[in-house]
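For any residue, its number in the working numbering is found by taking its place in the sequence shown, counting from 1, and adding 6. Quick reminder that beta carbons are idealized off the backbone N, C-alpha and C, glycines included. As structure tokens, the structure follows; a few thoughts come after it.
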Amino acid sequence: MTYTNKLVFLVAALLLAVFAVSAVSALGTINHVEVNGVDAAGGVVNVASFAGDVLPVRVEFTADQTVDDVRVKAWISGGREYSAVTERFDVLQDSTYSRLVSVQMPSNIDPSESLELNVVVEARNGDSIETTVSIAAQRESYVVDVLDVAMDSKVKAGSSLALDIVLKNRGRHLAEDTFVRASIPALGIEAKGYFGDLSSVDTVDPDKEDAAERRLVLRIPSDAPAGVYTVEIEAYNGDSVTTTVRKVAVVGAGADTSIVSSGSSKTFAAGEKAVYSLTLVNSGDKIRVYSLVLDTPTGLTVTSDDSVLAVPAGSSRTVKLEVSAAKAGKYNFGVNVHSDGALVQSVNYMASVEGSKIAGGNATVLLTVILAIIFVVLLVVLIVLLTRKPKKSEEFGESYY
């Protein structure tokens, strides 16, 4: 046996001895640890694993005594958050047990890195058996991760949704010519941005960064129905594709508009005019332009003093509507308020038209005319009487002869 072979044999024997010591206690003995289908062979085998993988770990051990409340734990060195544990169970003396746990590998590792898998069988009374397995961790060849997407959770129809997207190269090799596409399939809109080349590791060279940030903007249609939509973010290049989703609530264009009407129903006579009012309140942070579209039935005339209004932010405007009808009846009419090409709200009114104008208020006019005629006649008679001259009386005198 050569010197080199003797040295290798001694190192292997030492490792086996360490494993045997750590895998034996008063509780029992760990016989085998199988990681991802590979027998760890006493801890001297480097088990290959990829970043982000879930490792199935099977632990076989023999109990040297009867113990209550035993459990098996396994975790990756450096982070207890990457740990897994079984339920507690009782073990009987000289019985062999096998338990399976799933351990999450870290996703943020160097292109290649040596890690340790820690395995422990422990009892509530403090007894335990421990061993470790060497893990040869490495990245996948080509992986681009969507590290973060910053966006509003609510957006108004007709406005823009900004997405600040951060990509990171999680692969072993350069991610060349990487793009990102953001879309809302239900609305048929999308935007695309170029992120360039991403290095596998961050360096001092500004052209060799492993992460990049860009802003994409999605234009929400003004007629988009209100609701919750799925936003898809897809990072891709010639070697890999990664997709993540977010949710956004689209509210109507009139979400910051209030419409107040003073009296939606009025009663008036045929031939007369009734005045209705409509107040538009803009509670948003920018000026809004509204257009009014009248919906009137046959026989009813409705006019507004303004059909297009510009209302500054935090202000209001009132519109007057003059309504008239030639015939009696009940009429329903409406005003449709639009802004940015979308319907904000429809306001409905009712007009109750009764009788005719003569039968109502014009009766007073007729009576006035009649009284005026009588007055004129009496005045004429009085004038005639006053201007008439009385007849001279004949004086008869006595004559004396």
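Residue i, buried or exposed, once every other Cβ within 10 Å from all chains shown has been counted against 16
i: Arg-225; result: exposed
i: Ile-364; result: With a pLDDT of only 47 at Ile-364, under the threshold of 50, the placement of this residue in the model should not be trusted, and no figure is reported.
i: Tyr-116; result: According to the sequence provided, residue 116 is Asp. The question's Tyr does not apply to it. Exposed is the call here.
i: Thr-184; result: buried
i: Lys-174; result: buried
i: Leu-327; result: buried
i: Ala-188; result: buried
i: Tyr-200; result: exposed
i: Phe-402; result: At Phe-402 the pLDDT is 45, less than 50, meaning the model places this residue with poor confidence and gives no usable figure here.
i: Glu-93; result: exposed
i: Leu-384; result: exposed
i: Gly-258; result: buried
i: Ile-389; result: exposed
i: Val-157; result: Here residue 157 turns out to be Met, not Val, going by the sequence shown. That one is buried.
i: Ser-206; result: buried
i: Arg-130; result: exposed
Spatially closest choice to residue i from the options, by CA coordinates
i: Ser-55; options: Ser-165, Gly-84 and Ser-140; result: Ser-140
i: Lys-336; options: Lys-279, Val-386, Thr-273 and Val-314; result: Thr-273
i: Ser-89; options: Ser-104, Asp-75 and Pro-112; result: Pro-112
i: Asp-245; options: Arg-178, Lys-292, Phe-339 and Leu-61; result: Arg-178
i: Gly-233; options: Leu-193, Ser-330 and Phe-67; result: Leu-193
i: Val-343; options: Thr-324, Lys-214 and Asp-45; result: Thr-324
i: Val-256; options: Ile-239, Pro-231 and Gly-132; result: Pro-231
i: Ile-293; options: Val-299, Thr-263 and Glu-278; result: Thr-263
i: Leu-204; options: Lys-198, Ala-197, Ala-217 and Glu-196; result: Ala-217
i: Ser-297; options: Ser-352, Gly-305, Ser-289 and Lys-253; result: Ser-352
i: Val-287; options: Thr-304, Val-350 and Leu-169; result: Val-350
Backbone secondary structure at residue i - three-state DSSP
i: Pro-62; result: strand
i: Thr-92; result: coil
i: Thr-374; result: helix
i: Leu-408; result: Outside the shown range of the chain (7 to 407) lies residue 408, about which nothing can therefore be said.
i: Ile-190; result: strand
i: Ile-226; result: coil
i: Leu-33; result: coil
i: Glu-87; result: helix
i: Val-387; result: helix
i: Ile-115; result: coil
i: Leu-392; result: helix
i: Val-109; result: strand
i: Val-207; result: coil
i: Val-359; result: strand
i: Gly-403; result: Any reading at Gly-403 needs caution, since the residue's pLDDT is 49, under 50, leaving its predicted position unreliable; the model's value is listed next. Coil at Gly-403, not helix or strand.
i: Val-382; result: helix
Any chain D beta carbon closer than 7 Å to residue i
i: Ser-83; result: Here chain D cannot be found, since the structure has a single protein chain.
Closer than 6 Å: residue i CB and nearest the ligand GDP heavy atom
i: Lys-214; result: The ligand content of the structure shown is nil, which means the ligand GDP is not present either.
Between the region 145 to 153 and the region 128 to 137, can you find at least three pairs of beta-carbon atoms closer than 8 Å?
no
* **Runs of beta strand (DSSP E) lying entirely within the region 242 to 274, each at least 3 residues, in chain order** => If only complete runs of 3 or more residues are kept, the region 242 to 274 shows the beta strand (DSSP E) at 247 to 257 and 263 to 267, in order along the chain.
Along the chain, which unbroken stretches of the beta strand (DSSP E) at least 3 residues long are found entirely within the region 124 to 186?
134 to 144, 150 to 156, 160 to 162 and 166 to 175
- Which ranges would you report for the beta strand (DSSP E) in the region 268 to 347 if only whole runs of at least 3 residues count? Runs found: 271 to 275, 279 to 288, 294 to 301, 306 to 310, 314 to 317, 321 to 331 and 335 to 345.
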